[in-house]
Each structure stands twice: as C-alpha cells, then as structure tokens.
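J.: Right, I'll just put the structure down here and ask away after.
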Amino acid sequence: MVSQYRGDPAGTRVYGGGPPPEVPGVTVIGRQSFGEEAFGEAGGADFERDVDDMVSVILAEHRKRPFDILHAQYGYPNGWAGGDGHWVGSCCETHRLGMLNVLNHANALLIGCESFAQEVIERLGVARERFTIVPGAVDTERFCPAPGFVPGQAADPVRLLYHGRVDRRKGSLDMIEALALLQAEGLRFDATISGIGPDYDSSRALAAERGVPVRFTGYADYDAAPALYREADVFVSPTYAEGFSNTILEAMANGLPSVSCYAVGVVDCLRDGENGLL
Numbered sequence: 003m004v005s006q007y008r009g010d011p012a013g014t015r016v017y018g019g020g021p022p023p024e025v026p027g028v029t030v031i032g033r034q035s036f037g038e039e040a041f042g043e044a045g046g047a048d049f050e051r052d053v054d055d056m057v058s059v060i061l062a063e064h065r066k067r068p069f070d071i072l073h074a075q076y077g078y079p080n081g082w083a084g085g086d087g088h089w090v091g092s093c094c095e096t097h098r099l100g101m102l103n104v105l106n107h108a109n110a111l112l113i114g115c116e117s118f119a120q121e122v123i124e125r126l127g128v129a130r131e132r133f134t135i136v137p138g139a140v141d142t143e144r145f146c147p148a149p150g151f152v153p154g155q156a157a158d159p160v161r162l163l164y165h166g167r168v169d170r171r172k173g174s175l176d177m178i179e180a181l182a183l184l185q186a187e188g189l190r191f192d193a194t195i196s197g198i199g200p201d202y203d204s205s206r207a208l209a210a211e212r213g214v215p216v217r218f219t220g221y222a223d224y225d226a227a228p229a230l231y232r233e234a235d236v237f238v239s240p241t242y243a244e245g246f247s248n249t250i251l252e253a254m255a256n257g258l259p260s261v262s263c264y265a266v267g268v269v270d271c272l273r274d275g276e277n278g279l280l
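In structure tokens form, the structure reads like this:
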C-alpha cells in the first residue's frame, strides 16, 4: 500500500498527519505530499510532483515484485479537478472527461453502495453492470455495546455525538445550528463533536457565536472510537453525502440510535423510522 500524507501544520489540522500505520501482512509505504504542502508558497501547490512521486514508487515496487492488480482509491486527483471548475462555479469538463476515461478503462469498478452507483450513473452515464458494490463493514468485536447496556436508556441530559471529519459537507455546521434550535426550545443536551477537519475552527467559532455548549475533543484514532460511542446516547450524522457511512455502522454496532439525512451513502444503511431517523 502506497499512501501519501501531510506533515505540515496546516495539513495535520485537517487530515491528522503522519505516516500511515503498519498493517499486518501488508507492505505500507508512506510518502509525504510535499507538492500539496507547497500551497502557501509563491508558486502554489504542485500536485504533479506528488503524482509523479507516487507513480515512481509504485513502478519501483512493481519491478521488485510484480503485482497484477492496482487499486486506486480515487479516480481523479482533487487538485486537478478544480483546474477550470473555479471559473464557472460547477464541476468542470476536465473532471468529467478524466473520470470517464478512468471508469471506462478500468478492469473493475468497486463502489460502496447502490445510491452512490446511481449517482455516478446519472452524472456520467456509466453502465450499471460495470459496478461491483462492496459495502462498508464493522468489526463487531471492537464496536459493541458496553456491559450492562440497555437499549433505549439514555442519560439526562441526553448525550449527542458527532464523530468523524469536521467538515461542513459532513454537516458539522448544520449540527450546531440544530443544537441552537434545541437550546432555544429549552431542551437539554450534552453534545460532543469528535474529530478534525477543514471546518474545525469554523465549527468552534459558530458554536461560540450561537452560544451553544459543545465539547470539541479533536482527533481520535481508531482504537479510541469504541469508547466514544459507548459514552453517547444518540449518534448524529447530518452529512450531505457519503461513499458509505462507516461511522453510522459503528454507532449501530454500539447500540446507538442514529439521526442522519436522506443522502447518498446513508439511505443504504438507515431506513427512517425502522433503524434510525432521517
């Protein structure tokens, strides 16, 4: 596995930073994204540098021990995708053609859920039979209710948890606005936002502006996540879209009811009024 990471202060505030962790039975190679880190310098970010570095490392590994399957996590570099899109304020033609080139020539297309597949089909016209759905999964030995857990029993005030990337696209700002509405109605709650992301500072500022009591706990690694769920009563995920919501699966495995939105990657695991609220 070849994985790039940010090592600069701005990057670590969003992504967590540092080389990828070791994985048993897997050769893990971390490459620092020096090109992306140069975004604040005079010449701006150099995404081509990072892509060239990844390609050279992959080719070197292939020469040492040839492999016959290459799995790419993303179909198109995000930086290039915005190359001409910012001029028109919408997804650009460069991105559409690049994605079609990747999707039409890959040997296999793996996607997280049916709603995500349908979105790609509608936007790009890719045939449904090209996709193989590989949904998210959760380790139920790691993520499970605490001893003595009683379904439906909640603390007073009720403990609300947002856990994941702190990003307006994930609904971090919407959650704070919703909490402000609850507070205005005189409803008591204990709210926690766990994680980091591009809107961490904006979310804290909005909470202060609205006078909403929210505890921001910052970065939490994977091993710390089960305890976070066990200390909550309700999981809140006001996201706009997901590939497939693993955090909702983790919350469900811990016995938490989930409140989320009618969104891609959510409707595949939550059904309103049956196993959650949308």
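Each position in the sequence shown, counted from 1, maps to that position plus 2 in the numbering used here.
Beta carbons are placed, not taken as given, at the ideal position from N, Cα and C, and that holds for glycine.
Bear in mind the structure is a predicted one, so any value in this text is a computation, not a measurement.
Spatial neighbours of residue 111 within its chain, please: CB distance less than 8 Å, with the 5 preceding and 5 following residues excluded, ordered by chain position.
T.: Position 109 of the sequence shown, counting from 1, holds the residue named residue 111. Contacts found: 105, 128, 132, 133, 134.
J.: Taking residue 205 as the reference, which of 179, 21, 261 has the closest Cα?
T.: For the purposes of this step, residue 205 is identified with residue 203 of the sequence shown, where counting begins at 1. It is 179.
J.: Mind checking whether residue 271 and residue 250 have CB atoms under 8 Å apart?
T.: Locating residue 271 in the sequence shown gives position 269, where the first residue counts as 1. Locating residue 250 in the sequence shown gives position 248, where the first residue counts as 1. In contact: residue 271 and residue 250 (Cβ atoms closer than 8 Å).
J.: Does the distance from the C-beta atom of residue 231 to that of residue 163 stay below 8 Å?
T.: Taking the first residue of the sequence shown as position 1, residue 231 is located at position 229. Taking the first residue of the sequence shown as position 1, residue 163 is located at position 161. Result yes, Cβ atoms of residue 231 and residue 163 sit closer than 8 Å.
J.: Figure out for me which residue from 40, 95, 144 has the closest Cα to the Cα of residue 224.
T.: Here the question's residue 224 lines up with position 222 in the sequence shown. Selected option, being the one with the closest Cα: 144.
J.: Am I right that residue 182 and residue 214 are in contact with their C-beta atoms under 8 Å? What's the rounded C-beta distance?
T.: The sequence position of residue 182 within the sequence shown is 180, counting from 1. The sequence position of residue 214 within the sequence shown is 212, counting from 1. About 5 Å separates the two Cβ atoms, so the contact holds.
J.: Go to residue 250, then tell me how far its beta strand (DSSP E) extends in each direction, as first and last residue.
T.: One-based indexing of the sequence shown puts residue 250 at position 248. Counting along the chain, residue 250 falls outside any beta strand (DSSP E), though it belongs to the alpha helix (DSSP H) covering 248–255.
J.: Hey, out of 36, 119, 43, whose CA is closest to residue 245's CA?
T.: Counting from one through the sequence shown, the residue named residue 245 turns up at place 243. Minimum Cα distance to residue 245 is reached at 119.
J.: Taking the C-alpha atoms as reference points, what is the distance between residue 169 and residue 175?
T.: Position 167 of the sequence shown holds residue 169. Position 173 of the sequence shown holds residue 175. Distance between the alpha carbons of residue 169 and residue 175: 8 Å.
J.: Select from 138, 45, 100 the residue whose C-alpha is nearest the C-alpha of residue 116.
T.: Counting from 1 along the sequence shown, the entry for residue 116 is found at position 114. Among 138, 45, 100, the Cα nearest to that of residue 116 belongs to 138.
J.: Can you tell me the Cβ-Cβ gap for residue 114 and residue 267, rounded? I've got them flagged as a contact below 8 Å.
T.: Counting from 1 along the sequence shown, the entry for residue 114 is found at position 112. Counting from 1 along the sequence shown, the entry for residue 267 is found at position 265. 6 Å between Cβ atoms; contact.
J.: With DSSP as the reference, identify every bridge partner of residue 193, one or two as the case may be.
T.: Against the sequence shown, residue 193 aligns to sequence position 191. BP columns for residue 193 point to 162, 216.
J.: For residue 236, collect the residues of the same chain with a Cβ closer than 8 Å to its Cβ; drop the 5 residues on either side in sequence, then sort them by chain order.
T.: By 1-based counting over the sequence shown, the position of residue 236 is 234. Same-chain partners within the cutoff: 156, 160, 161, 162, 163, 258, 259, 260, 261.
J.: What would DSSP say about residue 2, mapped onto helix, strand or coil?
T.: The first residue shown for the chain is 3 and the last is 280, placing residue 2 beyond what the model contains.
J.: Who are the Cβ neighbours of residue 102 in its own chain at under 7 Å, not counting the five residues just before and after it?
T.: Position 100 of the sequence shown holds residue 102. Correct list, in chain order: 126.
J.: Write down the C-beta distance between residue 7 and residue 35 rounded to the nearest angstrom, noting that I regard them as a contact closer than 8 Å.
T.: Reading the sequence shown from its first residue, position 5 is the one you call residue 7. Reading the sequence shown from its first residue, position 33 is the one you call residue 35. So it is a contact: roughly 7 Å between Cβ atoms.
J.: If I follow the unbroken alpha helix (DSSP H) through residue 15, where does it start and stop?
T.: Position 13 of the sequence shown, counted from the first residue, corresponds to residue 15. From DSSP, the alpha helix (DSSP H) with residue 15 extends over 11–17.
J.: For residue 20, which of 177, 195, 221 has the nearest alpha-carbon?
T.: Position 18 of the sequence shown, counted from the start, is the residue given in the question as residue 20. Minimum Cα distance to residue 20 is reached at 221.
J.: My assumption, with CB atoms under 8 Å, is that residue 60 sits in contact with residue 140. Please give the rounded CB distance.
T.: Numbered from 1 along the sequence shown, position 58 holds the residue referred to as residue 60. Numbered from 1 along the sequence shown, position 138 holds the residue referred to as residue 140. Going by Cβ atoms, the distance from residue 60 to residue 140 rounds to 30 Å, so no, they are not a contact pair.
J.: With the cut-off set at 8 Å, would you say residue 255 and residue 142 are in Cβ contact?
T.: Walking along the sequence shown from the start, residue 255 turns up at place 253. Walking along the sequence shown from the start, residue 142 turns up at place 140. The answer is yes: Cβ separation under 8 Å.
J.: So what does DSSP say about residue 96, is it helix, strand or coil?
T.: Residue numbering aside, residue 96 sits at position 94 when the sequence shown is read from its first letter. Residue state, collapsed to three classes: helix.
J.: For residue 274, which three-state DSSP category applies?
T.: Within the sequence shown, numbered from 1, the residue matching residue 274 stands at position 272. Residue 274 falls in the strand class under three-state DSSP.
J.: Would you kindly report the start and end of the unbroken alpha helix (DSSP H) that includes residue 309?
T.: Residue 309 is absent from the model: the chain starts at 3 and stops at 280.
J.: So, residue 44 versus residue 37, is the Cβ gap smaller than 8 Å?
T.: Counting from 1 along the sequence shown, the entry for residue 44 is found at position 42. Counting from 1 along the sequence shown, the entry for residue 37 is found at position 35. It is not a contact, given that the beta carbons lie outside the stated cut-off.
J.: DSSP puts residue 185 in a beta bridge; with which residues?
T.: As a position in the sequence shown, residue 185 is number 183, starting the count at 1. Residue 185 is not bridged to any residue.
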